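Oh and the sequence shown: position 59 is 60 in the numbering used here, straight run, nothing missing.
Don't be surprised by glycine CBs; every beta carbon is placed ideally from N, CA and C.
Because the structure is a prediction, the values reported are computed rather than measured.
Below is one structure, written out as structure tokens; the observations come after it.
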Amino acid sequence: MHVAAPEVPKQSPAVGWSQLAFLRSQGQTGCLCCDDGVMHIPDANRGIHVVEWRAVDPHLTRNVTLPGDDDEGSKITKELYQKIHVLGTTAGEGSKKRWWAAGQNDGYCIQACMAKM
Numbered sequence: 002m003h004v005a006a007p008e009v010p011k012q013s014p015a016v017g018w019s020q021l022a023f024l025r026s027q028g029q030t031g032c033l034c035c036d037d038g039v040m041h042i043p044d045a046n047r048g049i050h051v052v053e054w055r056a057v058d059p060h061l062t063r064n065v066t067l068p069g070d071d072d073e074g075s076k077i078t079k080e081l082y083q084k085i086h087v088l089g090t091t092a093g094e095g096s097k098k099r100w101w102a103a104g105q106n107d108g109y110c111i112q113a114c115m116a117k118m
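Quick look at the structure:
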């Protein structure tokens, strides 16, 4: 499941964290995209704030089917990197940024959410 929160004009990541807390309180799971690079990634089952990301190997891609932007159940297919490195923070870390590797489902979620920003 891939859910996008309603868009709000760009603010601080606090807005995205608030949106994520609301979605989680409503029982939403899976890949949850919020404002300003804040999202919930499914495999790691945690909230993150992504500052930037890079492909580990730009030649390793896969066609991934994602939900469309409408509420009609449409699907779109995008070519995404299989593994990425991510710079950001996780919930509870404050502003301490670090790099980590994100594979398949989490990486696809991050790329899909960042494409919507």
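Exposure of residue i, with buried meaning 16 or more beta-carbon neighbours within 10 Å
i	result
histidine 60	exposed
glutamine 20	buried
tryptophan 85	Reading off the sequence shown, one finds isoleucine at residue 85, where the question assumed tryptophan. Counting Cβ neighbours within 10 Å, isoleucine 85 comes out buried, since at least 16 surround it.
isoleucine 49	buried
glycine 1	Residue numbering for the chain in the displayed model covers 2 to 118; residue 1 lies beyond these limits and cannot be assessed.
glycine 17	buried
Helix, strand or coil at residue i [DSSP, three-state]
i	result
glycine 69	coil
asparagine 106	helix
cysteine 114	helix
glycine 38	helix
lysine 79	strand
proline 10	Unreliable positioning characterises proline 10 in this predicted model, as indicated by a pLDDT of 48, which lies under 50. A coordinate reading is not provided.
threonine 62	strand
For residue i, the first and last residue of its enclosing beta strand (DSSP E)
i	result
glycine 17	Looking at the DSSP string, glycine 17 is not in any beta strand (DSSP E); the run it does join, the alpha helix (DSSP H), is 14 to 26.
alanine 92	It is not in any beta strand (DSSP E) - alanine 92 carries neither H nor E in the DSSP assignment.
alanine 56	47 to 56
8 Å Cβ cutoff met for residue i and residue j
i	j	result
lysine 98	threonine 91	no
glycine 104	tyrosine 82	no
cysteine 35	alanine 113	no
lysine 111	valine 51	Residue identity check: residue 111 is isoleucine in the sequence provided, not lysine. Against a cut-off of 8 Å, the Cβ pair of valine 51 and isoleucine 111 comes out as a contact.
alanine 116	valine 57	no
leucine 67	isoleucine 77	yes
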